[in-house]
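*Asks:*
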Amino acid sequence: MFLPHYPTAMEVQARRRYLLEVAILLFLIQCGLGQPEVLNSSTERTALLSLRSSLGLRGKDWAIKENPCSAWTGVKCKAGRVVGITVSGLRRTHNGRLSPRFAVDALANLTSLVSFNASGFLLPGSIPDWFGQSLVALQVLDLRSSSIVGPIPSSIGSLSKLTKLYLSDNSLTGIMPSALGQLLQLSVLDLSRNLLTGSIPPSLSSLNNLTRLELASNYLSGPIPPSLGTLSKLQSLNLSDNSLTSSVPSQLGNLSELLVLDLSRNSLTGALPVDLRGLRSLKMMYIGDNGFEGPLPDGLFPSLAQLEVLVLRGNKLDGGLPGDLLSRPKLWFLDASNNNFTGNLPSFVRNTTAVFNFSNNVLYGPLHLSPKLNGSIDLSGNYFQGDVKSKIKAFLRGNCLDKVPDQRTLEDCSLFYAQRSLHFDGLQKGTPDELERHPNNNNRLKFIMVGIFGGFGLVIVLVLILVLFLKLFGKGNSNKRGKANVGPVPEGDSPSLPKDPVYFAGLGDSFTYEQMLQSTGNFSKENIIKHGHSGDLYKGFLEGGLPVVIKKVNLQYLKNEAYSLELDFFSKVSHMRFVPFLGHCFEREDEKLLVYKCMPNGDLANCLQKVSSSEDDNVQSLDWIIRLKIAIGAAEALSHLHHECNPPLVHREIQASSILLDDKFEVRLGSLSEACVLEGDHHQNVFTRLRRKSQSSEQSSSGSSPASCSQDIYCFGKVLLELVTGKLGISKTEDATTKEWLEHTLPNISIHDKEHVTKIVDPSLMIDDDLLEEVWAMAIIAKSCLNPKPSRRPLMRYVLKALENPLKVVRDESSSSGRLRATSSRRSWSAAFHGSWGHSSSDVNRESGSGPKQPGRVSSNEIVPEPGEFRDVERQD
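Per mature numbering (1 follows the signal peptide of the UniProt record, and there is no 0): the sequence shown = residues -34 to -1, 1 to 843.
#1: Opposite Val370 in the DSSP bridges: which residues?
#2: In chain order, what residues of the same chain lie with their CB nearer than 6 angstroms to the CB of Asp207, ignoring the 5 residues before and after it?
#3: Where in the stretch 604 to 644 do unbroken runs of the beta strand (DSSP E), each at least 3 residues long, occur, reported from the N-terminal end onward?
#4: Can you give the beta carbon distance from Val775 to Asp728, rounded, assuming they're within the 8 angstroms contact cut?
#5: Assign Cys379 to one of three DSSP states: helix, strand, or coil.
#6: To the nearest angstrom, report how far apart Leu276 and Val514 are at their CA atoms.
#7: What alpha helix (DSSP H) runs, 4 residues minimum, are completely inside the stretch 689 to 735?
#8: With C-beta atoms as the reference, is Ser153 less than 7 angstroms away from Asn175?
#9: Helix, strand or coil for Ser537? Go by DSSP, reduced to three states.
#10: From the DSSP output, read off the bridge partner residues of Gly236.
#11: Considering Ser85, what are the terminal residues of the beta strand (DSSP E) in which it resides?
#12: Would you call the CB atoms of Leu635 and Phe544 closer than 7 angstroms?
#13: Determine the DSSP secondary structure at Arg(-18), reduced to helix, strand or coil.
#14: When DSSP labels each residue in this structure, what does Val685 get in the three-state scheme?
#15: Does Phe544 come out as helix, strand or coil in the three-state DSSP assignment?
#16: Looking at the secondary structure, which residues open and close the alpha helix (DSSP H) in which Gly289 lies?
#17: Out of Gly474, Lys517, Cys551, Ser537, state which residue places its alpha-carbon closest to the alpha-carbon of Glu480.
#18: So what does DSSP say about Met482, is it helix, strand or coil?
#19: In the structure shown, what three-state DSSP assignment does Glu557 receive?
#20: In the DSSP output, what is Asn204 paired with across the bridge?
#21: Can you grab the Cα-Cα spacing for the pair Ser16 / Ala72, in whole Å?
#22: Check Met142 in the structure and name its three-state DSSP category.
#23: Alpha carbon to alpha carbon, how far is Glu709 from His648? Give it in angstroms, no decimals.
#24: Does the beta-carbon distance from Phe322 to Leu300 come in below 7 angstroms?
#25: Within the continuous beta strand (DSSP E) that includes Leu186, where are the two ends?
#26: Would you mind sorting Glu610 into buried or exposed? The rule is 16 or more other CB atoms within 10 Å of its CB.
#27: For Ser187, I'd like the list of residues in its chain whose CB is within less than 8 angstroms of its CB, leaving aside the five on either flank, ordered along the chain.
#28: Counting only the same chain and skipping the five closest in sequence on each side, list residues whose C-beta sits under 7 angstroms from that of Gln99.
#29: Is Ser623 closer than 7 angstroms to Ser500 when the C-beta atoms are compared?
#30: Reducing DSSP to helix, strand and coil, say where Ser342 ends up.
#31: Using the rule of at least 16 other Cβ atoms within 10 Å of the residue's Cβ for burial, across every protein chain shown, is Glu532 buried or exposed?
#32: Take the Cβ of Glu555 as the centre, count every other Cβ of all protein chains shown within 10 Å, and call the residue buried at 16 or more, exposed below.
#33: Whole-angstrom Cβ separation of Leu266 and Leu248, contact assumed at under 8 angstroms?
#34: In this structure, how does DSSP classify His499 when only helix, strand and coil are distinguished?
#35: With a cut-off of 8 angstroms on the beta carbons, I'd call Asp344 and Phe324 a contact; round off their distance for me.
#36: Beta carbon of Pro94, beta carbon of Ile118: below 7 angstroms?
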């Protein structure tokens, strides 16, 4: 019989001891993993402190008493050694800003450094020779837009582990060192937009891992090295805007992985090699503004099945346009203008929106455009003849067409066709220029027209004299308001501005409707950005490649004010914080077009959306420094409207989507179509079109009039909360969900406790204790702006000063150490926010329109309540 074994007391004790040892071991492992990285090398710590001093970095970012690996912004450690330093985006001290320089000698002692990023951080000076001798572990070097001068040292070729080298947008001079060919691990080499001279070194052909080669906008000369065709992994080759000569080497056709080829704006000559058909992955080819000549090679384009953009502009190419080029299934942009292409235009059908430009060539014959062809096509400056029956939007000036304006003369067209022994039908079908081409047969008609217009002219002169007389008489009588001289004629007695947009003709450039169609692909759905309440927004490109945003205002659905108010705004107000207005198009009666400069980073709402939803490491994160910069920029724009414009203006559309961001994340405020004069202001006649909105207009969610500065401040408070919390759409709506979210979020913002705010901070933000104080301060400012009582919200100029000095909001100024306050009275908090900026009762009166409550200084509590008392205020409301 089998009997079960029962453990003895000794065995039980041994098992318990074993389990206890395992538990202790697991606990120690867990504690070890949770510990922050600690810098073990005293030499590297000294080097970091030296770098902090030489670059003039603020103690707030690199605090001496803190652990560099865990608390210093931009410093990354591994195994107790410094492996990454990013000073991009950091701000210098006052002395550091006065004398910036390339002073990074301390990096030589950081022998484990893998990445150094100083993009956008000013480092005037030259790259030292020791870079390649000491930074042996370096893999990424980013010095873009750092004001670097001088040559590229050959010692960089010793950085054998380097994978990415960014030196663009500087003032580097001299030749490209051939030693760059020693960087065998390099995948990205960007030297564009510098002052480099000489030829492209053939040694670059050794960089077999290279995927991007950017050498644009330098002064490079000589031929393109044929050996570049051996870079089998290359995906982007940009040699544009240099002085390169000779022909394109056929070896470039071996770059089967290439996606973008840009050789434009050089002095390249000869014919295009047919071997370029090997670029089977190519999507974009830019070879415009060179000296290429001869016909396009047969069989070149059938192999380029992925081609989307082709620019041949400004060469000497001739022969016919191959039909296989126009039949590329993915081709949506083709610019073959200013060449010598000849013959007929091949028939082609296009079911997708596309833009074609064949202007200023030698194309001729009947013009047959398929009615199925979409997009736009520019055929001006050729010799097409006959009638045009297609409904496609085409630019046809400078041809020999019937019933089309701005055509060539009969003599030019007849001579052209006669020289080629071709039949010409003539211009006998009533073109608008026919009268000018047959002057001998139309003298009688000319005399009749002169008589008619002369008579009209005489009538107009008489009318003008009569009007002038009446005005002079009126000034002497009707506008005199008696001997008491009680003031000028009221605004209602003066004639109103004309409704015609000719009033704004001098505002920005005047674009043609054809230009607008061509730049937006005939206002295609693919180019629409969004449907705005004042018009649809489209992206587009003007001639020369300038990206723009075009607002299309359809007057069938929107009132005239939808665009005239915005135009009046730009005609009266100018500030760097508003979106740049480029021009307009008023050709059509039913729709008006406004053109703005495109902001590369879009709007704040989209940026926050990308950060929250994207898993791509290449998406630039909105770190706290950028978010604070955005908040200050938006506050500057609103402060200008509220306090520097006369009369004061109200934006009325403050939300994340109206805060536009340029390439450096500088704010350019948009959505200006609803801007109007402050309610109750007595100087509205200064802005004849930006007039007050009626009291019957829709009230805001907070109960204040839409035409009040306090409503702007309320909406700006929600924008600040979006920046702090990363919560999307808070500033866009004021529905029940938003109100509920605010009710749960605002109690976490307290002047008495910094830690509470950590519950609502955006999880994507990487912040240390110093930065947390700024986050805390912005949250407090946001809560003040969201006070339910409009009269207790801070004025925008004080909001701006608070954002510029956030630590004043959360630190006790009476303390010599500047430590955080553990407790605070209402008076001391208000003093930190307002007291040092000394506002008076007039500040409140200007917003509310009421008289002063008492002479002298208004207490801080009347302007902004203590945040801790928000619940009491809400109960009173």
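Positions of the beta carbon are idealized from the N, C-alpha and C atoms, including for glycine.
*Replies:* In this structure, then:
#1: By 1-based counting over the sequence shown, the position of residue 370 is 404. Answer by DSSP bridge pairing: none, since Val370 is not bridged.
#2: For the purposes of this step, residue 207 is taken as residue 241 along the sequence shown, with counting starting at 1. Cβ neighbours of Asp207 beyond the five flanking positions: Ala182, Ser183, Arg231.
#3: 625 to 627, 633 to 635
#4: As a working mapping, residue 775 is identified with position 809 in the sequence shown. As a working mapping, residue 728 is identified with position 762 in the sequence shown. No, Val775 and Asp728 are not in contact; Cβ-Cβ is about 19 angstroms, not under 8 angstroms.
#5: Residue 379 sits at position 413 when you count from the first residue of the sequence shown. Here Cys379 sits in helix by DSSP.
#6: Translated into positions along the sequence shown, residue 276 becomes position 310. Translated into positions along the sequence shown, residue 514 becomes position 548. The straight-line gap from Cα to Cα measures roughly 21 angstroms.
#7: 702 to 711
#8: Indexing the sequence shown from 1 puts residue 153 at position 187. Indexing the sequence shown from 1 puts residue 175 at position 209. Going by C-beta atoms, Ser153 is nearer than 7 angstroms to Asn175.
#9: Numbered from its first residue, the sequence shown carries residue 537 at position 571. DSSP places Ser537 in helix when its eight states are reduced to three.
#10: Start at 1 with the first residue of the sequence shown, and residue 236 comes out as number 270. Answer is Phe258, bridged to Gly236.
#11: For the purposes of this step, residue 85 is taken as the residue at position 119 of the sequence shown. From DSSP, Ser85 is part of no beta strand (DSSP E); its letter is neither H nor E.
#12: Against the sequence shown, residue 635 aligns to sequence position 669. Against the sequence shown, residue 544 aligns to sequence position 578. For Leu635 and Phe544, yes; Cβs fall inside 7 angstroms.
#13: Taking the first residue of the sequence shown as 1, we reach residue -18 at position 17. Arg(-18): helix per DSSP, three-state reduction.
#14: One-based indexing of the sequence shown puts residue 685 at position 719. DSSP places Val685 in helix when its eight states are reduced to three.
#15: Stepping through the sequence shown from its first residue, residue 544 is reached at position 578. Of the three classes helix, strand and coil, the one that applies to Phe544 here is strand, per DSSP.
#16: On the sequence shown, position 323 is the one that residue 289 refers to. Note, Gly289: alpha helix (DSSP H), 289 to 292.
#17: Along the sequence shown, read from residue 1 onward, the residue named residue 480 stands at position 514. Answer by Cα proximity: Cys551.
#18: Taking the first residue of the sequence shown as position 1, residue 482 is located at position 516. Note: Met482 maps to helix in three-state DSSP.
#19: Translated into the one-based positions of the sequence shown, residue 557 becomes position 591. Strand, per DSSP.
#20: Here residue 204 corresponds to residue number 238 of the sequence shown, with the count starting at 1. Asn204 is bridged to Glu180, Asp228.
#21: As a position in the sequence shown, residue 16 is number 50, starting the count at 1. As a position in the sequence shown, residue 72 is number 106, starting the count at 1. Each residue's alpha carbon lies about 6 angstroms from the other.
#22: Taking the first residue of the sequence shown as position 1, residue 142 is located at position 176. Three-state DSSP puts Met142 in coil, outside helix and strand.
#23: Along the sequence shown, read from residue 1 onward, the residue named residue 648 stands at position 682. Along the sequence shown, read from residue 1 onward, the residue named residue 709 stands at position 743. Unreliable placement is indicated for His648, whose pLDDT of 45 sits below 50; no coordinate value is reported for it.
#24: As a working note, residue 322 is residue 356 in the sequence shown. As a working note, residue 300 is residue 334 in the sequence shown. Yes. Within cutoff.
#25: Here residue 186 refers to the residue found at position 220 of the sequence shown. Per DSSP, Leu186 belongs to the beta strand (DSSP E) from 185 to 188.
#26: The residue you call residue 610 lines up with position 644 of the sequence shown. By the neighbour-count rule (16 or more Cβ atoms within 10 Å), Glu610 is not buried but exposed.
#27: Counted from its first residue, the sequence shown places residue 187 at position 221. For Ser187, where only same-chain residues beyond five positions count, the Cβ hits under 8 angstroms are Thr163, Gly164, Ser165, Asn208, Ser209, Leu210, Thr211.
#28: Taking the first residue of the sequence shown as position 1, residue 99 is located at position 133. Result list for Gln99: Ser121, Ser124, in chain order.
#29: The residue you call residue 500 lines up with position 534 of the sequence shown. The residue you call residue 623 lines up with position 657 of the sequence shown. Not a contact, by the Cβ cut-off of 7 angstroms.
#30: Looking up residue 342 in the sequence shown gives position 376. In this structure, Ser342 counts as strand in the three-state DSSP scheme.
#31: To locate residue 532, count along the sequence shown from 1; it is residue 566. Buried.
#32: On the sequence shown, residue 555 is found 589 positions in, with the first residue counted as 1. It counts as exposed.
#33: Reading the sequence shown from its first residue, position 300 is the one you call residue 266. Reading the sequence shown from its first residue, position 282 is the one you call residue 248. That belief does not hold up - the Cβ atoms of Leu266 and Leu248 are roughly 11 angstroms apart, past 8 angstroms.
#34: Position 533 of the sequence shown holds residue 499. Coil at His499, not helix or strand.
#35: Residue 344 sits at position 378 when you count from the first residue of the sequence shown. Residue 324 sits at position 358 when you count from the first residue of the sequence shown. Correct: roughly 7 angstroms between the Cβ atoms.
#36: Indexing the sequence shown from 1 puts residue 94 at position 128. Indexing the sequence shown from 1 puts residue 118 at position 152. Not closer than 7 angstroms, so no.
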